[in-house]
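In what follows, a single structure is set out as structure tokens and then discussed.
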Amino acid sequence: MTASSASFTTASPRSPESASSSRSPRSPKPSLRSFYPPTEPTASGMLDVGDGQRVYWETCGNPDGIPAVFVHGGPGGGCSEDHRRLFDPERYRIILFDQRGCGHSLPHAWEPDADLSTNTTWHLVADMEALREHLGVERWLVFGGSWGSTLGLAYAQAHPQRVLALVLRGIFTLRKRELDWFYEAGGADMVWPDEWERYVAAAGRDVSPGGYIERYHELLTDPDPAVHGPAGIAWTTWEAATSTLLRDQEHIDEVQDPDFALAFARIENHFFTHRGWMEDGQLLAGARTLAEHGIPGVIVQGRYDMCCPMGTAWALHRAWPQAELCICPTSGHSFAEPEILSSLIAATDRFAVALG
1 MTASSASFTT ASPRSPESAS SSRSPRSPKP SLRSFYPPTE PTASGMLDVG DGQRVYWETC
61 GNPDGIPAVF VHGGPGGGCS EDHRRLFDPE RYRIILFDQR GCGHSLPHAW EPDADLSTNT
121 TWHLVADMEA LREHLGVERW LVFGGSWGST LGLAYAQAHP QRVLALVLRG IFTLRKRELD
181 WFYEAGGADM VWPDEWERYV AAAGRDVSPG GYIERYHELL TDPDPAVHGP AGIAWTTWEA
241 ATSTLLRDQE HIDEVQDPDF ALAFARIENH FFTHRGWMED GQLLAGARTL AEHGIPGVIV
301 QGRYDMCCPM GTAWALHRAW PQAELCICPT SGHSFAEPEI LSSLIAATDR FAVALG
């Protein structure tokens, strides 16, 4: 796909919503794409990025293919084997890395003496550049969802000359209104009041309006495991329970591991307490950099995303006309929901042709 052809799409399979609305009731639904077959790393390592931090990375697929870096969510989510399967391994050199403090990177944020002071958006942007240089990549496609879209945008705006294209999902730009929607009263709690009650109960006492992120920061940084442990589970469960259109108990169960939940919650809350070390609205304002450099992109957004509501994706699309907006009409936030997954793989397939 060229930059000039990218726009708000009206044709299948680029826009499941518009495609479904234009079909007659008797027309068959288009088949949805699914994961590529499992693939194993061809190389991996630990990159010393300074500050006592070592970042885990791996590559798979075609060593001579189009370089593509996967930027995981959270922050603190880490990569999984399924993330490798979002790209055609015959066409892409697939690069995954775990951001500071999570996954296989060390030291880990669940450790009692974990220091997050050097874990910021801009440290992670620098880590991506260090990894690109370490792997000898000149330019790469950047793929990120949720927080991965945040970091992907921050990286692309800081280093536009290094970006071939962007594939972004569930857009999150760390504006106060986005954080308030999900972590304070008056937003997602109106749709998931049952799960919200559990999140509120774990706070342990009355919290002033707009104060839940701050209260959880107190709990998650408390040295007592009896305090920070339940807080980590509650914070992480709130996100897991609301991340799909239909409640996914299997996914909720997966995040109950105490170490994972604590690291995930600590890192997220650390970033959100500091608003990502960015001005409010900085990434949307900075989208002009993407436009000025003609960087093409695809934005995949679930219509009913409770974690990262569609309004942010719409604002990004308006600020970055080279990007195509693909709305998934019966989806929430998770990359594994069928419409979203199909749209993401369709995007990487199309860029494999356009960039190959």
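Counting along the sequence shown from 1, when you hit position 16 you're at 16 in the UniProt record's numbering, and nothing is skipped either side. No residue lacks a Cβ here, since even glycine has one placed at the ideal position from N, Cα and C.
From the DSSP output, in three-state form, read off residue i for me.
i	result
Pro-160	helix
Ile-66	strand
Thr-118	coil
Arg-100	coil
Asp-280	coil
Met-306	coil
Trp-147	helix
Gly-152	helix
Ser-24	Note on Ser-24: pLDDT 42, under 50, position unreliable in the model; the coordinate value appears next. Three-state result, Ser-24: coil.
Trp-314	helix
Ser-342	helix
Leu-135	coil
Leu-32	coil
Leu-174	coil
Glu-111	coil
Phe-335	coil
His-83	helix
Ile-267	helix
His-274	coil
Pro-293	Position check: residue 293 holds His in this sequence, whereas Pro was assumed. Coil at His-293, not helix or strand.
Thr-348	helix
Name the DSSP bridge partner or partners of residue i?
i	result
Tyr-92	Ile-66
Gln-301	Ile-327
Thr-39	In DSSP, Thr-39 forms no bridge with anything.
Ala-165	Leu-141
Gln-53	Gly-50
Thr-59	Ala-43 and Ile-95
Val-71	Gly-144
Leu-106	Arg-54
Where does residue i land, buried or exposed, given buried means 16+ other C-beta within 10 angstroms?
i	result
Asp-189	buried
Val-71	buried
Ser-31	exposed
Ser-34	exposed
Ala-6	With a pLDDT of 30 at Ala-6, under the threshold of 50, the modelled position of that residue is not reliable, and the figure given next carries that caveat. Ala-6 is buried by the Cβ-count criterion.
Trp-277	exposed
Glu-133	exposed
Thr-118	exposed
Gly-61	buried
Gly-145	buried
Pro-38	exposed
Glu-339	buried
Gly-356	exposed
Glu-214	exposed
Gln-322	buried
Leu-246	exposed
Gln-99	buried
Gly-136	exposed
Asp-88	buried
Val-191	exposed
Gly-148	buried
Glu-254	exposed
Glu-40	exposed
Val-353	exposed
Gly-186	exposed
Ser-208	exposed
Mind checking whether the beta-carbon of residue i lies closer than 7 Å to any heavy atom of the ligand ADP?
i	result
Leu-284	This structure does not include the ligand ADP; it has no bound ligands of any sort.
Under 8 Å, Cβ to Cβ, is there at least one residue of chain C near residue i?
i	result
Cys-79	Absent from the structure: chain C. Only one protein chain is present.
At 4 residues or longer, and completely inside the segment 178-258: list those alpha helix (DSSP H) runs for me, N to C. 193-202, 212-220, 225-242 and 249-254
Are at least three pairs of beta-carbons, each pair with one atom in the segment 262-272 and one in the segment 74-94, less than 8 Å apart? yes
Would you check if the segment 90-106 and the segment 59-69 touch, i.e. whether three or more CB-CB distances between them fall below 8 Å? yes
Does the structure place the segment 317-335 close enough to the segment 237-257 that three or more beta carbon pairs sit under 8 Å? yes
Cβ contact check for the segment 160-174 and the segment 295-307: 3 or more pairs under 8 Å: yes
Taking three-plus beta-carbon pairs below 8 Å as touching, is the segment 319-329 in contact with the segment 289-303? yes
Within 8 Å, do at least three Cβ pairs link the segment 152-168 to the segment 118-135? yes
Is the segment 180-194 in contact with the segment 282-297, if contact means three or more CB pairs nearer than 8 Å? no
Would you call the segment 227-234 and the segment 199-216 in contact, with 3 or more CB pairs under 8 Å? yes
Under 8 Å: do the segment 96-115 and the segment 40-54 share three or more Cβ pairs, one atom per stretch? yes
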